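> If you read the sequences in order, they're chains A and B.
Here this note's numbering is used: the first residue of the first sequence is 1, the next is one more, and so on.
Here this note's numbering is used: the first residue of the second sequence is 1001, the next is one more, and so on.
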Amino acid sequence: MSMLSPSTGATLNAVAPARRDGWLVSRLGADSALVPWLYLAPTLILLALFTYWPLLQTAYLSLVDWNMNPSQPTQFVGADNYGRVFGSTLFQTALLNTVIYIGASIPLKVLLPIPVAVFLWSLGTRGHFYRAILFLPTLISFVVVGVAFLWILNPIFGYAKQFFALAGYRLPNLLADPDAAIWVIIGISTWKVLGFNMLIYLAGLASINREYIEAMRMDGAGDLTIFRRLIWPLLTPTLMFVMISTIIFTMQQVFTPIDLMTEGGPSNSTTNLFYMIYQYSFVTFDVGGGAAGTMMLFALLMILALLQIRLFDRRAHYKQ
Amino acid sequence: MATIAFNNICKSFGENQVVRDFNLTIEDGEFVVLVGPSGCGKTTSLRMLAGLEAPTSGRIALNGIDITDVPSKARELAMVFQSYALYPHMSVADNIGFALSLQKRPAQAIRAEVLAAAKRLEIDHLLARKPRELSGGQRQRVAVARAIVRQPQAFLFDEPLSNLDAKLRHSARVEIRKLQQQLGTTALYVTHDQIEAMTMADRIVVMEGGCIRQVGTPMELYMHPNSVFVASFLGAPPTNCIAGEVVHAAGSVQFCSDSLNLALHPETPRGPATLGIRPESLQPGEGMAAHLQLQGAVRFVEALGAETLVDLSIAGQSGAPLQAPPTELTARLPGHHCLASGDILPFHVAKQDLRLFGSDGNVLADAIRVPDQAAEERMGDGGGLQRAVAAFV
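#1: Mind checking the region 1037-1057 of chain B against chain A and listing, in chain order, the residues whose C-beta falls within less than 9 Å of any C-beta there?
#2: Straight-line CA distance for residue 37 of chain A to residue 200 of chain A?
#3: Using 8 Å as the limit for Cβ to Cβ distance, is residue 81 of chain A near chain B?
#4: Over what stretch of residues does the alpha helix (DSSP H) that includes residue 1023 of chain B continue unbroken?
#5: Span of the beta strand (DSSP E) holding residue 128 of chain A?
#6: Are residue 1078 of chain B and residue 1013 of chain B closer than 8 Å when you measure CB to CB?
#7: Could you check whether the region 1203-1215 of chain B touches the region 1035-1055 of chain B, counting it as contact only if at least three pairs of C-beta atoms, one from each stretch, sit closer than 8 Å?
#8: Please state whether the Cβ-Cβ distance between residue 67 of chain A and residue 282 of chain A is less than 8 Å.
#9: My assumption, with CB atoms under 8 Å, is that residue 1243 of chain B sits in contact with residue 1257 of chain B. Please give the rounded CB distance.
#10: For a contact meaning CB atoms closer than 7 Å, what does residue 209 of chain A contact in chain B?
#11: I'd like the list of long-range same chain contacts for residue 1321 of chain B, defined as Cβ closer than 8 Å, with 5 residues on each side in sequence excluded.
#12: Scan the region 218-229 of chain A for residues whose Cβ lies nearer than 9 Å to a Cβ of chain B and list them as they occur along the chain.
#13: Mind checking the region 1094-1110 of chain B against chain A and listing, in chain order, the residues whose C-beta falls within less than 8 Å of any C-beta there?
#14: List the endpoints of the continuous alpha helix (DSSP H) containing residue 218 of chain A.
#15: So with CB distances below 8 Å, who are the chain A contacts of residue 1011 of chain B?
#16: State the DSSP-derived secondary structure class of residue 1279 of chain B, mapped to helix, strand or coil.
#17: Say yes only if the C-beta of residue 40 of chain A is nearer than 7 Å to one or more non-hydrogen atoms of the ligand NAP, and no if none qualify.
#18: Have a look at residue 211 of chain A and residue 1089 of chain B and give me their C-alpha separation to the nearest angstrom.
#19: With a threshold of 8 Å on Cβ separation, who are the neighbours of residue 1226 of chain B within its own chain once the five nearest residues in sequence on each side are excluded?
#20: Please state if the CB of residue 1201 of chain B and the CB of residue 1245 of chain B are separated by a distance shorter than 8 Å.
#21: Using a C-beta to C-beta distance shorter than 8 Å, which residues of chain A count as neighbours of residue 1073 of chain B?
#22: Would you mind telling me which residues of chain A sit closer than 7 Å to residue 1078 of chain B, beta carbon to beta carbon, in chain order?
#23: Touch check for the region 214-222 of chain A and the region 231-247 of chain A: three-plus C-beta pairs under 8 Å?
#24: Three or more C-beta pairs under 8 Å: does that hold for the region 1152-1168 of chain B against the region 1009-1024 of chain B?
#25: Quick one: which chain B residues come within Cβ less than 7 Å of residue 212 of chain A?
#26: Kindly list the residues whose CB is nearer than 6 Å to the CB of residue 1234 of chain B, restricted to its own chain and excluding five residues on each side of it in sequence; keep chain order.
#27: By alpha-carbon positions, which one of B:1040, B:1359, B:1029 ends up nearest to residue 1018 of chain B?
#28: Buried or exposed for residue 290 of chain A, going by 16 or more other Cβ atoms inside 10 Å?
#29: Can you find at least 3 beta carbon pairs, one from the region 261-275 of chain A and one from the region 90-99 of chain A, that sit closer than 8 Å?
#30: Hey, how far is the Cα of residue 152 of chain A from the Cα of residue 106 of chain A?
#31: Hey, residue 1093 of chain B and residue 1114 of chain B: beta-carbon distance below 8 Å or not?
#32: Tell me, please, whether the CB atom of residue 1319 of chain B is closer than 8 Å to any CB atom in chain A?
#33: To the nearest angstrom, report how far apart residue 1319 of chain B and residue 1306 of chain B are at their CA atoms.
#34: So the alpha helix (DSSP H) residue 1045 of chain B belongs to, where does it begin and stop?
#35: Taking the alpha-carbon of residue 1350 of chain B as reference, which of B:1150, B:1137, B:1284, B:1124 has the nearest alpha-carbon?
#36: Leaving out five residues before and five after residue 1248 of chain B in sequence, what residues of the same chain have Cβ atoms less than 7 Å from its Cβ?
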């Protein structure tokens, strides 16, 4: 490559920057069609190994009858597993409970942290202490939380019993009550995730220029109008993120307290689809049933994610 | 239309007092500019008027009514922010009409008023766009349109031109001033740019360290600064300040510095002092006998086309031997001058253009003895200046 000097007319050799390609790229040549794939390879290999291969394997297992015994051959049963699981009482209860877990998570885990975050945001640096207190449960392992609440809610020697006694009430055995147990788990998981979601909303609020709020005040807006007409629309991208991640993680997160505190009971009243899959696969060793349940859960999550994107994503104001 | 009065306003953030004893009355329809360096309290004063900050003490009145404790939404003031603060999720039309929509005006009336404001600022073709789709100048116009559509009692401007390039800034300040004159609305404008202050204001308020240093028309402040700070802050290049001392000796009173001596009024108090000379007051040539005569070595020449800025080392008065260290001054000469670094030239300054400031930085009025015009003409050679200028051009 060369260029002509306008002043002297002499030809100068432009010095090309030294390439630092690896030996493989050097051997293939930089223009080879393989080079982009080489850069993508680590991610593609990881995705293939830990996402797409297990998905295909699960799809295959959902079509066979197998009890996880390596010496026993798998028997192809077609869509029987789907029909069997779909028609079972356990699936119907687990699906209903999953809907309850998700339904409750929207007001409690997605919406409730918003006013908390706005309040702490309005406090400025004075809110840091409360922020730390509310975030603390996020740092505690769910196993520890589960065990701690088992002790607290123990109807014989739990702390909660003492408080109830002080007020003149008797603490019911909440975890043994089919109507109450699911709400105990929802409450505990809300307590644990509220601080985390609040922190995400605080990050979203921090990106809002405070001069917008001052300009709205000058325009004659009160606090409620500012929230409705300014903060809420500008917080929609954060809300979208929190909603999708909370719904997906809610189903996974409650697995630990369900397993530790109720084991899906009483009368399957706390089982969700995740725990049902675990019960099929690793309690009764019905691998086909577990895989069929997994595929149905996968389809459900896909539909939910698509619905969320179609319904809410268009209304999110991403750019400020 | 409104009169605004700040009465003994003080503002502290913790232990840090940012505004002290701020007293100012702005008349109806007046355009007042608060100017000063960063951190002098000008924006805080504006925000207190807007109701975005509460004064620590003192009262603010609008049309004679105390509004100190009135929330900003009820003050009927419109503000243009430094960042413009246009609502990013709303279109230009919604931004302009937002305040009207809060007043529950009919949609058709809002549309008509938004369109009228947009046409006035020539942004009616941008009404459907979002702020992110606008240039800096267009955003600034939308912010002004949002302010005028409300027909407020007063406009508050918080450095609205600081994000614009120099060319756009010039046209924008002309437009803002023209608009304010057409509407006749009282305006308080904050800037750190003394050119904006000089060109836009009916009155300028110069602030330093939370205090008002001087209030007056642009020309009053320029011609008669009451302190070294005001003299050096207004004007570009700034006033040349020569540090020295007022000395009482052998029955005479003189200002003495390393590079010059100047006879002063006999009642001038002794002590450290600063002599202020505007760059345009330094005239080439020897001038009249009564003028302050200086000899300067050219250090650097900045040819700006219409004028030439010359950095000089003044090493002594004409005829006196050169002494070290030299005093550095800037002279502003009209037109183009072929000067080279190292040229040694005579300069003179009419004594009425000299300002002497005391050790506290305040002007020492009547310290400079100005000879009467007739005596000056008798003593001096009237054609000397013209000849000297001709020699340089």
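Idealized CB from N, CA, C, for every residue including glycine.
Here the structure is a predicted model, which is why all the values come from computation and not from measurement.
Reading it off the structure:
#1: 1047, 1050, 1051, 1052
#2: Sequence index remark: in the first sequence, residue 37 of chain A carries index 37 (1-based). Sequence index remark: in the first sequence, residue 200 of chain A carries index 200 (1-based). Those two C-alpha atoms are separated by around 35 Å.
#3: One-based indexing of the first sequence puts residue 81 of chain A at position 81. No, because no Cβ of chain B sits closer than 8 Å to the Cβ of residue 81 of chain A.
#4: On the second sequence, residue 1023 of chain B is found 23 positions in, with the first residue counted as 1. From DSSP, residue 1023 of chain B is part of no alpha helix (DSSP H) but of the beta strand (DSSP E) over 1016-1026.
#5: As a first step, residue 128 of chain A must be located in the first sequence, where it is residue number 128. Not the beta strand (DSSP E): residue 128 of chain A falls in the alpha helix (DSSP H), residues 128-139.
#6: In the second sequence, counting from the first residue as 1, residue 1078 of chain B sits at position 78. In the second sequence, counting from the first residue as 1, residue 1013 of chain B sits at position 13. Cβ atoms of residue 1078 of chain B and residue 1013 of chain B: not closer than 8 Å.
#7: yes
#8: Translated into positions along the first sequence, residue 67 of chain A becomes position 67. Translated into positions along the first sequence, residue 282 of chain A becomes position 282. Contact flag unset, no.
#9: The sequence position of residue 1243 of chain B within the second sequence is 243, counting from 1. The sequence position of residue 1257 of chain B within the second sequence is 257, counting from 1. Rounded, the Cβ-Cβ distance is 6 Å, consistent with contact.
#10: Mapped onto the first sequence, residue 209 of chain A falls at position 209. Simply 1083, 1085.
#11: Mapped onto the second sequence, residue 1321 of chain B falls at position 321. Confidence in residue 1321 of chain B is poor, its pLDDT being 46 and thus under 50, which makes the residue's placement unreliable; the coordinate value appears in the next sentence. Within its own chain, no residue has a Cβ closer than 8 Å to the Cβ of residue 1321 of chain B once the five positions on either side in sequence are excluded.
#12: 218, 219, 220, 221, 222, 225, 229
#13: 1098, 1099, 1102, 1103
#14: Numbered from its first residue, the first sequence carries residue 218 of chain A at position 218. Segment 210-219, the alpha helix (DSSP H) holding residue 218 of chain A.
#15: Translated into positions along the second sequence, residue 1011 of chain B becomes position 11. None at all; the shortest Cβ gap to chain A is about 16 Å.
#16: Your numbering for residue 1279 of chain B matches position 279 in the second sequence. Reduced to three states, the DSSP call for residue 1279 of chain B is helix.
#17: Ligands in the displayed structure: none, and consequently the ligand NAP is not present.
#18: What you label residue 211 of chain A is simply residue 211 of the first sequence in a count that begins at 1. What you label residue 1089 of chain B is simply residue 89 of the second sequence in a count that begins at 1. Rounded to the nearest angstrom, the two C-alpha atoms are 14 Å apart.
#19: For the purposes of this step, residue 1226 of chain B is taken as the residue at position 226 of the second sequence. Once the five neighbours on either side are set aside, the close Cβ partners of residue 1226 of chain B are 1213, 1214, 1362, 1363.
#20: Along the second sequence, read from residue 1 onward, the residue named residue 1245 of chain B stands at position 245. Along the second sequence, read from residue 1 onward, the residue named residue 1201 of chain B stands at position 201. In this structure, residue 1201 of chain B does not lie closer than 8 Å to residue 1245 of chain B by Cβ.
#21: Here residue 1073 of chain B refers to the residue found at position 73 of the second sequence. Going along chain A in sequence order, the residues near residue 1073 of chain B (Cβ under 8 Å) are 217, 218, 219, 220, 221, 222.
#22: The residue labelled residue 1078 of chain B in the question sits at position 78 within the second sequence. Near residue 1078 of chain B (Cβ distances below 7 Å), the residues of chain A are 218.
#23: no
#24: Short answer: they don't touch.
#25: Position 212 of the first sequence, counted from the first residue, corresponds to residue 212 of chain A. 1085, 1087, listed in chain order.
#26: Within the second sequence, residue 1234 of chain B is the residue found at index 234, counting from 1. Within the same chain, residue 1234 of chain B has close Cβ partners 1194, 1221, 1222.
#27: Here the question's residue 1018 of chain B lines up with position 18 in the second sequence. Checked all of B:1040, B:1359, B:1029; the closest Cα to residue 1018 of chain B is B:1040.
#28: Position 290 of the first sequence, counting from 1, holds the residue named residue 290 of chain A. Buried: at least 16 other Cβ atoms inside 10 Å.
#29: yes
#30: The residue labelled residue 152 of chain A in the question sits at position 152 within the first sequence. The residue labelled residue 106 of chain A in the question sits at position 106 within the first sequence. Whole-angstrom Cα-Cα distance: 26 Å.
#31: For this step, residue 1093 of chain B is matched to residue 93 along the second sequence. For this step, residue 1114 of chain B is matched to residue 114 along the second sequence. The answer is yes: Cβ separation under 8 Å.
#32: Here the question's residue 1319 of chain B lines up with position 319 in the second sequence. Caution applies to residue 1319 of chain B, whose pLDDT of 47 falls short of 50 and renders its modelled position unreliable; the value that the coordinates give is listed next. So no, residue 1319 of chain B is outside the interface.
#33: On the second sequence, residue 1319 of chain B is found 319 positions in, with the first residue counted as 1. On the second sequence, residue 1306 of chain B is found 306 positions in, with the first residue counted as 1. For residue 1319 of chain B, the predicted model reports a pLDDT of 47, less than 50, meaning its position is unreliable; a value from the coordinates is still stated below. Their Cα atoms are separated by approximately 32 Å.
#34: In the second sequence, counting from the first residue as 1, residue 1045 of chain B sits at position 45. Start and end: 1042-1050.
#35: In the second sequence, residue 1350 of chain B corresponds to position 350, counting from 1. Taking residue 1350 of chain B as reference, the option from B:1150, B:1137, B:1284, B:1124 with the minimal CA-CA separation is B:1284.
#36: Reading the second sequence from its first residue, position 248 is the one you call residue 1248 of chain B. If we look at residue 1248 of chain B and ignore the five residues flanking it on each side, its Cβ neighbours are 1270.
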